[in-house]
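Heads up: the structure comes next, in structure tokens.
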Amino acid sequence: MVPRFNARIDGYPFNKSPTKSLPLHCVVESVSSLQATLNFDTRSPWKRRPNIETDSYVIIPAATPFCDIVTTALQRLGYSTEISNAARGSISIKNWKSLSLDAISDNPLVSVSDILGELTSVVTLKITILRNKPSQLAEIKDKLLKLLILQSHALLRSTGCPLDENSAQLSSP
């Protein structure tokens, strides 16, 4: 006779241990107007596409209310509270169309683990943030700075100026 493993010791179900946090694929994109995201058509190559700022994983506490998933994700990615207040989120499962967070649950206090617990390997949280369109002068400055970095990277490093594309993005307003 083969002994069976008892998954319950002193009333504690070890096979159902609570998950403390969930890794979630998160894509943050910025647009100059929320209307632009509504009219975006992937079949039209001449339409301006959203700018993807972050494509990364974020660790979300499992007990986080689902209504706070966008603000929690943006906060953990280093975005300010002002940006997270104006952000919109949607959930995309593999190649399906994105589903607005408002359409997923009627109960705003249901936890992230209750909704996404088993789906974290196939789900992407897409967050759209509203950014003011840069002025032409700021756009020219950014393009010139990127050109300088591309053309003179070795010269900049040899003179002790460790300027790269990431630090150039941080210096932009």
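In the UniProt record's numbering, the protein residues as written are 1 to 173.
Each residue gets a CB set at the ideal place from its N, CA and C atoms; glycine is no exception.
CA-to-CA distance, residue 32 to residue 107, given in whole angstroms: Between the alpha carbons of residue 107 and residue 32 lies a gap of roughly 31 Å.
Pair within 8 Å by beta-carbon distance, residue 117 and residue 22: In contact: residue 117 and residue 22 (Cβ atoms closer than 8 Å).
Per DSSP, cross-strand counterpart(s) of residue 129: DSSP links residue 129 through a beta bridge to 30.
Residue range of the alpha helix (DSSP H) that includes residue 158: Residues 136-158.
Three CB pairs or more closer than 8 Å across the region 53-62 and the region 84-98: Taking one beta carbon from each stretch, the region 53-62 and the region 84-98 have fewer than 3 pairs nearer than 8 Å; the two do not touch.
Buried/exposed call for residue 38, threshold 16 Cβ in 10 Å: With a pLDDT of only 47 at residue 38, under 50, the local geometry of the prediction cannot be trusted, and the value read off the model is given with reservation. Residue 38 comes out exposed.
Residue 140, buried or exposed, once every other Cβ within 10 Å from all chains shown has been counted against 16: The residue is exposed, with fewer than 16 neighbouring Cβ atoms inside 10 Å.
Assigned secondary structure, residue 124 (DSSP; H/G/I helix, E/B strand, else coil): It is a strand residue.
Alpha-carbon spacing of residue 178 relative to residue 145, whole angstroms: Residue 178 lies beyond the residue range present for the chain, which begins at 1 and ends at 173; the question has no answer from this structure.
Residue 56, enclosing beta strand (DSSP E) - first and last residue: Residues 51-61.
Extent of the continuous alpha helix (DSSP H) run through residue 113: Residues 112-116.
Supposed close pair residue 26, residue 54 - CB separation, criterion 8 Å: That belief holds up - the Cβ atoms of residue 26 and residue 54 are roughly 7 Å apart, short of 8 Å.
Distance CB(residue 181)-CB(residue 128) smaller than 8 Å: Because the chain in this structure spans residues 1 to 173, residue 181 falls outside the shown range and cannot be described.
Residue 66 vs residue 28 beta-carbon contact at 8 Å: Going by C-beta atoms, residue 66 is not nearer than 8 Å to residue 28.
Where residue 84 falls: helix, strand or coil (DSSP): Helix at residue 84.
Beta-carbon proximity check, residue 105 vs residue 91, cutoff 8 Å: Between residue 105 and residue 91, the C-beta spacing is not below 8 Å.
DSSP beta-bridge partners of residue 21: Per DSSP, 61.
C-beta atoms of residue 110 and residue 87 nearer than 8 Å: Cβ atoms of residue 110 and residue 87: not closer than 8 Å.
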